[in-house]
Ligand code: AMP
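Below, the structure is given as structure tokens:
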């Protein structure tokens with residue numbers, strides 16, 4: 392596995408691979424890798440000739456009060472995992488090179504980032520779209536792989552790629568979960584044993600939404616009420632938001648029709664976790 396830190400080297404590597412007719416797959420991550428990330432890598436391996444994985448804890452997507460400084464970092468372990476999975480390039484861009492003094496350009500998708508996570512984290516998605524646009528222009532992938540765990544993020548990136556005519560196919564893959572349903576996340580490492588025990592209530596609630604719809608319930612507010620009471624029964628968990636939205640427009644829905652995304656964010660102690668399911 393080749394390790395690339397310099398932006399120009401990454402750009403030239405990809406250019407050369409593509410000139411030889413290779414299909415380049417890209418998996419952007421912030422590291423502290425788990426099976427969720429690795430499921431994206433596996434799919435990239437299946438569908439592409441060259442797989443590039445980036446690890447970059449992007450300061451631009453963290454607000455000053457958030458966990459940038461203590462975000463889990465374990466490069467040695469990540470490197471070994473990616474090597475074992477047959478990744479071709481580990482791209483470790485340097486923050487100083489990505490955001491040199493005088494950096495002034497941001498990429499911002501309108502309206503989609505306003506609700507859900509964007510309400511609590513108003514500058515988050517601008518940081519995400521800016522870094523992903525920059526990484527896309529450096530790696531120039533044919534396909535880029537994202538997790539539906541971050542549903543709003545993949546929707547916004549898909550919009551950005553379409554609106555900017557970026558020559559990349561954005562692929563979204565299902566959420567990988569722990570044995571008890573908790574969505575895998577690098578932030579799960581923050582949970583103490585009591586919090587970890589409480590956390591699966593989030594997926595239990597989302598599964599309840601699935602069952603309610605399968606049972607014929609069409610009133611979304613009633614479903615949300617039942618989910619809120621289930622989550623409310625777990626004293627360690629504090630909901631940030633729980634919404635039922637159209638998976639395409641991310642606008643709230645009242646009546647069940649077609650597909651509905653039930654999405655939530657919740658604090659367990661100081662840790663903020665997100666999860667979602669698409670029903671229908
Ligand atoms: P992160 O390192 O948190 O920025 O995540 C990198 C990529 O992995 C994003 O596209 C995430 O949506 C995806 N991802 C994170 N957790 C999971 C999971 N549990 N299942 C599938 N994909 C995930």
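In the numbering used here, the protein residues as written are 392 to 671. Glycine residues also receive a C-beta, built at the ideal position from the N, C-alpha and C atoms. Treat the numbers as computed from the prediction; the structure is a model and nothing was measured.
Taking a contact to mean a Cβ-Cβ separation below 9 angstroms, would you say residue i touches residue j in this structure?
{"i": "residue 444", "j": "residue 531", "result": "no"}
{"i": "residue 451", "j": "residue 561", "result": "no"}
{"i": "residue 593", "j": "residue 655", "result": "yes"}
{"i": "residue 503", "j": "residue 483", "result": "no"}
{"i": "residue 396", "j": "residue 469", "result": "no"}
{"i": "residue 519", "j": "residue 544", "result": "yes"}
{"i": "residue 635", "j": "residue 625", "result": "no"}
{"i": "residue 615", "j": "residue 591", "result": "no"}
{"i": "residue 535", "j": "residue 418", "result": "yes"}
In or out: residue i buried (at least 16 other Cβ within 10 Å) or exposed?
{"i": "residue 570", "result": "exposed"}
{"i": "residue 556", "result": "exposed"}
{"i": "residue 403", "result": "exposed"}
{"i": "residue 411", "result": "exposed"}
{"i": "residue 496", "result": "exposed"}
{"i": "residue 488", "result": "exposed"}
{"i": "residue 566", "result": "buried"}
{"i": "residue 426", "result": "exposed"}
{"i": "residue 494", "result": "exposed"}
{"i": "residue 477", "result": "exposed"}
Could you give the first and the last residue of the continuous alpha helix (DSSP H) run that contains residue i?
{"i": "residue 418", "result": "It is not in any alpha helix (DSSP H) - residue 418 instead sits in the beta strand (DSSP E) that spans 415 to 420."}
{"i": "residue 466", "result": "466 to 475"}
{"i": "residue 600", "result": "592 to 605"}
{"i": "residue 515", "result": "515 to 530"}
{"i": "residue 511", "result": "508 to 511"}
{"i": "residue 404", "result": "398 to 410"}
{"i": "residue 486", "result": "486 to 489"}
{"i": "residue 499", "result": "Where residue 499 is concerned, there is no enclosing alpha helix (DSSP H), given that its DSSP letter is neither H nor E."}
According to DSSP, residue i sits in a beta bridge with which residue or residues?
{"i": "residue 632", "result": "656"}
{"i": "residue 441", "result": "415"}
{"i": "residue 446", "result": "420"}
{"i": "residue 610", "result": "646"}
{"i": "residue 666", "result": "655"}
{"i": "residue 393", "result": "480"}
{"i": "residue 432", "result": "In DSSP, residue 432 forms no bridge with anything."}
{"i": "residue 574", "result": "568"}
Could you pull the start and end residues of the beta strand (DSSP E) that residue i belongs to?
{"i": "residue 537", "result": "534 to 538"}
{"i": "residue 482", "result": "480 to 482"}
{"i": "residue 564", "result": "560 to 564"}
From residue i to residue j, what distance separates their C-alpha atoms?
{"i": "residue 439", "j": "residue 409", "result": "11 angstroms"}
{"i": "residue 648", "j": "residue 605", "result": "12 angstroms"}
{"i": "residue 454", "j": "residue 514", "result": "7 angstroms"}
{"i": "residue 413", "j": "residue 559", "result": "14 angstroms"}
{"i": "residue 524", "j": "residue 646", "result": "36 angstroms"}
{"i": "residue 461", "j": "residue 577", "result": "12 angstroms"}
{"i": "residue 553", "j": "residue 441", "result": "23 angstroms"}
{"i": "residue 405", "j": "residue 548", "result": "21 angstroms"}
{"i": "residue 475", "j": "residue 629", "result": "38 angstroms"}
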